[in-house]
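Per my numbering, the very first residue in the sequence shown carries number 1; after that it's consecutive.
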Amino acid sequence: MSGTKESRMTIAAGAFALGGILLFVGLAGAALLGQSAGSAGGGPLFDAYIWRITRFTLLQASLSTLLAILFAIPVARALARQASFPGRIWVLRLLALPLGLPALVAALGLIEIWGRQGLLNRVLSAAGLEQPVSIYGLSGILIAHVFFNMPLAARLMLAGIERIPAEYWRTSANLGMGSFAIFRFIEWPVIRGLLPGIAGLIFMLCATSFTLVLTLGGGPAASTIEVAIYQALRFDFDPPRAIALSALQVALTGALLLVLKLIAPAPLEGETSGRAIRRFDGASGLSRLADRIWLILAVILVGLPFAAIAYSGSKADLVRLVSEPAFHRALAMSATIALVSATISVAIAALMIRTERLALAQRRPGAAPRLFAGTIGASTSFILLVPPVVLGAGWFLLLRPFGDVARFAPAVVVAINALMALPFVHRVLAPAMATHAARTARLAASLGIGGFHRLLWIDWPGLRKPLFVAFSFAMALSLGDLGAVALFGSEDMVTLPYLLYSRMGSYRTADAAGLALVLGLLCLVLTVLGTAGEERPPEGKST
Numbered sequence: 001m002s003g004t005k006e007s008r009m010t011i012a013a014g015a016f017a018l019g020g021i022l023l024f025v026g027l028a029g030a031a032l033l034g035q036s037a038g039s040a041g042g043g044p045l046f047d048a049y050i051w052r053i054t055r056f057t058l059l060q061a062s063l064s065t066l067l068a069i070l071f072a073i074p075v076a077r078a079l080a081r082q083a084s085f086p087g088r089i090w091v092l093r094l095l096a097l098p099l100g101l102p103a104l105v106a107a108l109g110l111i112e113i114w115g116r117q118g119l120l121n122r123v124l125s126a127a128g129l130e131q132p133v134s135i136y137g138l139s140g141i142l143i144a145h146v147f148f149n150m151p152l153a154a155r156l157m158l159a160g161i162e163r164i165p166a167e168y169w170r171t172s173a174n175l176g177m178g179s180f181a182i183f184r185f186i187e188w189p190v191i192r193g194l195l196p197g198i199a200g201l202i203f204m205l206c207a208t209s210f211t212l213v214l215t216l217g218g219g220p221a222a223s224t225i226e227v228a229i230y231q232a233l234r235f236d237f238d239p240p241r242a243i244a245l246s247a248l249q250v251a252l253t254g255a256l257l258l259v260l261k262l263i264a265p266a267p268l269e270g271e272t273s274g275r276a277i278r279r280f281d282g283a284s285g286l287s288r289l290a291d292r293i294w295l296i297l298a299v300i301l302v303g304l305p306f307a308a309i310a311y312s313g314s315k316a317d318l319v320r321l322v323s324e325p326a327f328h329r330a331l332a333m334s335a336t337i338a339l340v341s342a343t344i345s346v347a348i349a350a351l352m353i354r355t356e357r358l359a360l361a362q363r364r365p366g367a368a369p370r371l372f373a374g375t376i377g378a379s380t381s382f383i384l385l386v387p388p389v390v391l392g393a394g395w396f397l398l399l400r401p402f403g404d405v406a407r408f409a410p411a412v413v414v415a416i417n418a419l420m421a422l423p424f425v426h427r428v429l430a431p432a433m434a435t436h437a438a439r440t441a442r443l444a445a446s447l448g449i450g451g452f453h454r455l456l457w458i459d460w461p462g463l464r465k466p467l468f469v470a471f472s473f474a475m476a477l478s479l480g481d482l483g484a485v486a487l488f489g490s491e492d493m494v495t496l497p498y499l500l501y502s503r504m505g506s507y508r509t510a511d512a513a514g515l516a517l518v519l520g521l522l523c524l525v526l527t528v529l530g531t532a533g534e535e536r537p538p539e540g541k542s543t
């Protein structure tokens with residue numbers, strides 16, 4: 001355990017970070033409310049339309065979360081059991097791509113496969129079916145959300161399964177446990193401990209989905225609270241209604257997250273000698289067949305839209321496109337914003353996770369430490385409920401009296417992107433840091449190792465892999481962001497997603513397809529870097 005002085009400094013830094021987050025969000029909301037203080041307002045804040053879209057928001061988010069998790073469990077198990085098949089690392093990298101892909105680009109790829117004139121409907125029409133599949137409406141929203149969130153859930157579950165000590169697998173083999181018994185007694189307790197956090201994160205992503213719902217919803221019947229917030233600010237400029245809708249969204253999703261937190265079991269951390277993990281339950285022919293089927297389905301679901309994007313993008317004049325000065329400026333701006341925002345997000349997440357643990361380090365923590373730790377933990381999730389358009393609009397109003405808002409745009413976009421990536425980074429780092437602390441804290445304390453020496457000799461070797469994964473996720477998210485840039489975009493503030501959006505708006509579809517391909521390749525590079533250490537060592541050798 002850290003010394004008293006070091007613990008106090010860490011807790012103080014965590015409290016400062018929490019205060020900064022609350023202040024950043026609170027000032028944006030206060031600016032929107034202050035802008036409308038003297039206005040008469042335009043009608044009731046809530047009406048029949050709002051209640052209808054609230055029901056639809058909860059329905060589609062619940063179904064999307066359920067489908068993503070049910071699909072992710074067998075995929076994660078298959079990846080964990082089949083640890084050495086050729087191309088495994090590329091399957092992992094493929095599953096990491098949707099997280100960093102701009103939603104608009106992904107929607108275009110999904111339409112190429114599932115749309116009225118897409119690949120699937122062409123195959124069905126050739127088979128003589130008169131009613132093709134429609135991607136618009138609830139079905140399209142569910143397909144898109146599973147495309148985005150199933151890989152995320154599978155990777156988080158896989159990370160948890162791979163942290164199971166090697167001794168568990170040796171014992172299961174000695175006892176002759178079958179596949180179902182291994183799942184019930186070894187894998188399921190770990191997955192069950194992760195489910196509340198994963199389900200809460202996916203539910204928030206689906207409840208706050210904007211671009212996908214706007215593109216694939218098909219009309220007012222399939223609209224969400226997030227879309228209503230955008231309409232209240234963009235078309236009606238009714239800040240009180242937007243703030244009220246944001247509060248409704250936070251209240252509904254926050255209630256669900258509270259329930260999930262209360263029913264979440266305590267994490268199970270087993271002692272281990274650090275030997276290499278070697279599993280024996282995936283060697284049978286039936287197990288291999290089942291795992292291959294699930295992995296093939298996952299690759300088809302995620303890979304086909306990327307193949308469609310690659311096919312459309314290859315038709316563009318890529319040499320001319322990447323030679324344009326506008327592309328060079330957009331690439332430099334996107335890379336700078338992504339690098340800075342990812343660094344800030346990972347640093348804040350690691351600091352807040354450690355602060356939460358230290359606040360509860362006492363044997364019998366009082367009400368104040370528990371409240372502080374709970375607030376720290378909740379803040380990393382609730383930030384996702386604050387629409388980026390609300391943050392952007394609020395800070396636009398705050399900065400307008402100081403002159404040209406474009407001067408402050410990069411800093412505001414960096415801050416918003418760092419906050420939006422915080423829940424993802426937290427989900428990657430929190431379980432890894434908890435396991436690392438359970439295995440090293442007492443030994444480090446007994447040896448008197450702390451501060452920079454512990455960071456260099458103990459924490460960095462043990463947490464390097466999850467830190468790289470979290471950093472690559474955060475960079476990919478920032479690289480593909482359009483929401484924060486949409487309000488501040490100008491000739492001096494152009495990112496790759498904003499340039500793509502501009503080319504689509506001017507009906508330069510070939511250039512848009514080429515930019516989508518470039519963005520996809522950049523996300524692929526980030527996932528390769530983030531998953532560089534995920535190859536398993538040869539069986540029988542120690543890590």
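Beta carbons are placed, not taken as given, at the ideal position from N, Cα and C, and that holds for glycine.
Looking at the structure shown, is residue i part of a helix, part of a strand, or coil, going by DSSP?
i: T272; result: Summary for T272: the model assigns pLDDT 48, below 50, so the residue's position carries little reliability, and this model does not support an answer.
i: P538; result: Per-residue confidence for P538 stands at a pLDDT of 36, beneath the threshold of 50, marking its modelled position as unreliable; no derived number is given.
i: F85; result: coil
i: L18; result: helix
i: M177; result: coil
i: S2; result: Caution applies to S2, whose pLDDT of 45 falls short of 50 and renders its modelled position unreliable; the model cannot decide the point.
i: T548; result: As shown, the chain starts at 1 and ends at 543. That puts residue 548 outside it, with no answer to give.
i: Q117; result: coil
i: A40; result: Reliability of the predicted coordinates at A40 is poor, the pLDDT of 49 falling under 50, and the value obtained from them is presented with this limitation in mind. Note: A40 maps to coil in three-state DSSP.
i: A13; result: helix
i: F408; result: coil
i: L152; result: helix
i: G374; result: helix
i: L521; result: helix
i: L142; result: helix
i: L529; result: helix
i: R184; result: helix
i: I348; result: helix
i: A127; result: coil
i: R163; result: coil
i: P102; result: coil
i: R279; result: coil
i: T543; result: Any reading at T543 is ruled out, since the residue's pLDDT is 32, under 50, leaving its predicted position unreliable.
Based on the DSSP secondary-structure assignment, which residues constitute the bridge partners of residue i?
i: M433; result: Answer is none; M433 lacks a bridge partner.
Taking C-alpha atoms, which residue in the options lies nearest to residue i?
i: A31; options: F396, L463 and Y498; result: F396
i: I11; options: T215, P369 and L260; result: P369
i: A378; options: G394, L399, T355 and K465; result: T355
i: A232; options: G193, Y49, S284 and L67; result: Y49
i: L262; options: L422, Y311, G193 and G217; result: G193
i: V518; options: M150, F306, L456 and L398; result: F306
i: L94; options: F148, G217 and F408; result: F148
i: S312; options: P239, L515 and V259; result: L515
i: F56; options: G87, V213 and V250; result: V213
i: A432; options: L529, A349 and A68; result: A349
i: M420; options: A434, L120, L399 and I383; result: I383
Determine the extent of the alpha helix (DSSP H) in which residue i is found, giving its start and end residues.
i: R170; result: A166 to N174
i: K465; result: W460 to L479
i: S134; result: S134 -> no alpha helix (DSSP H), and no H or E assigned at all.
i: I547; result: The first residue shown for the chain is 1 and the last is 543, placing residue 547 beyond what the model contains.
i: T215; result: T211 to L216
i: S506; result: That residue, S506, is in no alpha helix (DSSP H); it is neither H nor E in DSSP.
i: R320; result: L318 to S323
i: S314; result: G285 to S314
i: W395; result: P388 to L399
Contact criterion: CB-CB distance below 8 Å. Does residue i meet it with respect to chain D?
i: I69; result: Reference to chain D is not applicable here, since this structure consists of a single protein chain.
Within the chosen definition, does the region 176-193 reach the region 242-258 through at least 3 CB pairs nearer than 8 Å?
No, they do not touch.
So, do the region 49-64 and the region 205-214 have three or more beta carbon pairs nearer to each other than 8 Å?
A contact exists between the region 49-64 and the region 205-214.
Is there contact here, the region 419-430 with the region 451-471, by at least three beta-carbon pairs under 8 Å?
Touching, per the Cβ criterion.
Give a yes or no on contact between the region 66-78 and the region 281-295, applying the rule of three or more CB pairs nearer than 8 Å.
With a cut-off of 8 Å on Cβ pairs, the region 66-78 is in contact with the region 281-295, counting three or more such pairs.
Between the region 92-107 and the region 312-330, do three or more beta carbon pairs fall short of 8 Å?
Between the region 92-107 and the region 312-330 there are fewer than three C-beta pairs closer than 8 Å, too few to call the two in contact.
With contact counted as at least three CB pairs below 8 Å, one residue from each stretch, are the region 388-402 and the region 15-23 in contact?
The region 388-402 vs the region 15-23: no contact.
Can you confirm whether the region 111-125 touches the region 135-155 when touching is taken to mean that 3 or more C-beta pairs between the two stretches lie within less than 8 Å?
Judged by pairs of C-beta atoms under 8 Å, the region 135-155 touches the region 111-125, as three or more such pairs exist.
Contact between the region 494-501 and the region 331-341 is defined here as three or more beta-carbon pairs at a separation below 8 Å; is this criterion met?
The answer is yes - the region 331-341 touches the region 494-501, with three or more Cβ pairs under 8 Å.
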